[in-house]
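Trainee: What follows is a single structure, and I will ask about it in a moment.
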Amino acid sequence: MRYLELSKEVSYALRHAPSEYGLVLDEYGWVSVQQLLKALNKNEKWALLKVDDLFKMIDASDKKRHEIVDNKIRALYGHSVSSKIRKESNEPPEYLYHGTARRFIDSIKEKGLLSQERQYVHLSLDKETALQVGKRRDKNPVILTIKATLAWQNGVSFYKGDDKIWLADSIKSEYIEFQ
Ligand code: HQG
Numbered sequence: 010m011r012y013l014e015l016s017k018e019v020s021y022a023l024r025h026a027p028s029e030y031g032l033v034l035d036e037y038g039w040v041s042v043q044q045l046l047k048a049l050n051k052n053e054k055w056a057l058l059k060v061d062d063l064f065k066m067i068d069a070s071d072k073k074r075h076e077i078v079d080n081k082i083r084a085l086y087g088h089s090v091s092s093k094i095r096k097e098s099n100e101p102p103e104y105l106y107h108g109t110a111r112r113f114i115d116s117i118k119e120k121g122l123l124s125q126e127r128q129y130v131h132l133s134l135d136k137e138t139a140l141q142v143g144k145r146r147d148k149n150p151v152i153l154t155i156k157a158t159l160a161w162q163n164g165v166s167f168y169k170g171d172d173k174i175w176l177a178d179s180i181k182s183e184y185i186e187f188q
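For any residue, its number in this note's numbering is found by taking its place in the sequence shown, counting from 1, and adding 9.
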């Protein structure tokens, strides 16, 4: 089974284009595992796909992008669908990190971190993760430090994505250390 390819398609379906698969996400982003399987099985490539393959896909992944609970599956972060996925707000650690391209820094200084095409700004629990995220856009990325506790104390909401990723609606530049 090509788990990486499967994970990319499941992310596409659950983060960006559920309607292409005839799926409707609930307010927390869940869909029935059976409905997702039925939709994927229509594609010859995934015709023999079974529930067990979805569990294996999650286990085989380098990051925890999806979760299955009570016969439902959801993407944990990354959404761009038009109705905003609800997340429970959580107290963040003192600092979070954001890896980005050098070419975005002037704009981030001016406007803060914005969610852009996605529903939330994505922040990393540690610098290592932020570096990996930033390298997607710049071979020598900038790691920003977010004063998360201070922002939280001032009323900014944070939400847990997975064990390494935190989310926020936006982060003003006063809470960002640019070094
Ligand atoms: C930048 C992947 C200019 C921001 C990753 C980022 C992550 C601004 C880009 C997850 C800006 C948005 C999310 C501003 C933000 N001016 N640029 N004011 N504010 N930006 O892909 O955080 O592998 O939506 O710095 O690993 O890069 O798919 O967000 O560069 O965990 O599971 O706008 O997606 O996860 O890019 O990545 P993205 P991201 P997966």
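Backbone N, C-alpha and C define an ideal beta-carbon position, used for all residues, glycine too.
According to the Cβ coordinates, are W161 and P101 closer than 8 Å?
Mentor: Here the question's residue 161 lines up with position 152 in the sequence shown. Here the question's residue 101 lines up with position 92 in the sequence shown. Contact: yes.
Trainee: For a minimum of 4 consecutive residues, which ranges assigned as the alpha helix (DSSP H) are wholly contained in the segment 139 to 187?
Mentor: Whole alpha helix (DSSP H) segments, 4+ residues: 157 to 162.
Trainee: Would you mind working out which of T138, H131 and L23 sits nearest L49, comparing C-alpha positions?
Mentor: Looking up residue 49 in the sequence shown gives position 40. Minimum Cα distance to L49 is reached at L23.
Trainee: Within 10 Å of its beta-carbon, does S89 have 16 or more other beta-carbons around it, so buried, or fewer, so exposed?
Mentor: To locate residue 89, count along the sequence shown from 1; it is residue 80. Classification of S89: exposed, given that the 10 Å Cβ count is below 16.
Trainee: Which residue from R83, Y12, I180 and S41 puts its Cα closest to that of L122?
Mentor: Working through the sequence shown from its first residue, we reach residue 122 at position 113. With distances taken between Cα atoms, L122 lies closest to I180.
Trainee: So, does the segment 148 to 163 touch the segment 97 to 112, judging by three or more C-beta pairs under 8 Å?
Mentor: Judged by Cβ distances under 8 Å, the segment 148 to 163 makes contact with the segment 97 to 112, as three or more pairs qualify.
Trainee: Flag this pair as touching only if the segment 31 to 38 and the segment 123 to 136 have three or more C-beta atom pairs under 8 Å; answer yes or no.
Mentor: Result no; under three Cβ-Cβ pairs closer than 8 Å.
Trainee: At a cut-off of 7 Å, is G121 close to the ligand HQG when judged by its beta-carbon and the heavy atoms of the ligand?
Mentor: Numbered from its first residue, the sequence shown carries residue 121 at position 112. Yes.
Trainee: Taking S182 as the reference, give the member of K144, S116, R145 and D172 with the closest Cα.
Mentor: Position 173 of the sequence shown, counted from the start, is the residue given in the question as residue 182. Nearest option by C-alpha distance: S116.
Trainee: What would DSSP say about K136, mapped onto helix, strand or coil?
Mentor: On the sequence shown, residue 136 is found 127 positions in, with the first residue counted as 1. Correct three-state label for K136: helix.
Trainee: Identify whether K81 lies in helix, strand or coil by the three-state DSSP scheme.
Mentor: Taking the first residue of the sequence shown as 1, we reach residue 81 at position 72. In this structure, K81 counts as strand in the three-state DSSP scheme.
Trainee: Across which residues does DSSP place S98 in a beta bridge pair?
Mentor: Residue 98 sits at position 89 when you count from the first residue of the sequence shown. Y168.
Trainee: Within the present structure, is the beta-carbon of E126 separated from the nearest heavy atom of the ligand HQG by less than 7 Å?
Mentor: Residue numbering aside, residue 126 sits at position 117 when the sequence shown is read from its first letter. Yes, Cβ of E126 sits closer than 7 Å to a heavy atom of the ligand HQG.
Trainee: Which residue wins for smallest C-alpha separation from V142, given the options I174, S98 and S124?
Mentor: The sequence position of residue 142 within the sequence shown is 133, counting from 1. Looking at the Cα atoms, I174 is the closest of the given residues.
Trainee: In the DSSP assignment, find the alpha helix (DSSP H) that holds L23 and state where it starts and stops.
Mentor: Taking the first residue of the sequence shown as 1, we reach residue 23 at position 14. Taken as a continuous stretch (DSSP letters only), L23 belongs to no alpha helix (DSSP H), as it is neither H nor E.
Trainee: How would you label L105, buried or exposed, when you count the other beta carbons within 10 angstroms and need 16 or more for buried?
Mentor: Translated into the one-based positions of the sequence shown, residue 105 becomes position 96. When all chains shown are included, L105 counts as buried.
Trainee: Helix or strand or just coil, what does DSSP make of S194?
Mentor: With the chain covering 10 to 188 only, the question about residue 194 has no answer from this structure.
Trainee: Nearest to G164 by CA position, among D171, D178 and G170, is which residue?
Mentor: The residue given as residue 164 occupies position 155 in the sequence shown. Measuring from the Cα of G164, the nearest candidate turns out to be D178.
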